[in-house]
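Under our numbering, the first residue of the sequence shown is numbered 274, with each subsequent residue one higher. Don't be surprised by glycine CBs; every beta carbon is placed ideally from N, CA and C.
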Amino acid sequence: RYNIQISRLTEELTALQMECGEKQSELERAIREKRAVEEELEKVYREGRGNEADYRKLEELYQRYLNAERTKDDLHLSLQTAQNKIKQLELKYEEERCRCQENMCKLQSILDSEREKCGAISEERLKLQQGNEQLQKEMENLKKFTMEAQHTAKLKVLFFI
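See the structure below:
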């Protein structure tokens with residue numbers, strides 16, 4: 274039961290770590306895209322041309338910049354959420370592992386105790402069996418003695434008659 278829970282938590286942790294890696298890659302891509310847009314904006318500002326096409330291009334670049342910034346922020350938040358989930362799962366996993374270890378120790382202690390009891394019971398059983406055998410021997414001896422006494426008594430009665 275505990276192994277199944279630990280296995281499930283491990284799978285969930287692995288999946289979240291993979292998701293976290295993907296989010297990290299997306300975040301890095303968004304940052305690169307943002308830098309590219311910033312560089313292009315700087316280039317347009319430096320050239321300083323004042324025609325309408327340049328202004329439209331500048332506006333388009335600015336919108337791309339804002340989109341890249343928004344994407345970066347969203348991805349950063351998503352990455353933080355995934356990292357928090359991973360931390361929570363790691364804590365859960367560690368708690369479950371500790372609980373399993375505690376249960377294993379308790380069960381091992383109970384098993385050791387029961388083995389000791391079994392050993393003591395086996396020793397007691399052996400003593401009782403030996404005592405029983407001794408009593409049976411004594412009983413056999415008493416029967417022999419009784420039979421001999423009866424036989425002797427019969428012989429005495431027969432001789433006296």
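Residues in its own chain within less than 7 angstroms of residue 356 by CB, not counting five upstream and five downstream? If you number the sequence shown from 1, residue 356 lands on position 83. Excluding sequence neighbours, residue 356 sits near 293.
Residue from 301, 302, 298, 338 whose Cα sits closest to the Cα of residue 315: Sequence index remark: in the sequence shown, residue 315 carries index 42 (1-based). Residue 315 has its Cα closest to that of 338, out of 301, 302, 298, 338.
C-alpha gap between residue 344 and residue 291, whole angstroms: By one-based count along the sequence shown, residue 344 stands at place 71. By one-based count along the sequence shown, residue 291 stands at place 18. Taking the straight line from one Cα to the other gives about 20 angstroms.
Could you tell me whether the region 349 to 364 touches the region 295 to 311, using the rule of 3 or more Cβ pairs below 8 angstroms? yes
Does the contact criterion of 3 or more C-beta pairs under 8 angstroms hold for the region 365 to 377 versus the region 277 to 284? yes
Within a Cβ cutoff of 6 angstroms, which residues of the same chain sit near residue 331, ignoring the five residues on either side of it in sequence? Taking the sequence shown and counting its residues from 1, one reaches residue 331 at position 58. Counting only Cβ-Cβ distances below 6 angstroms, and skipping sequence neighbours, we find 317.
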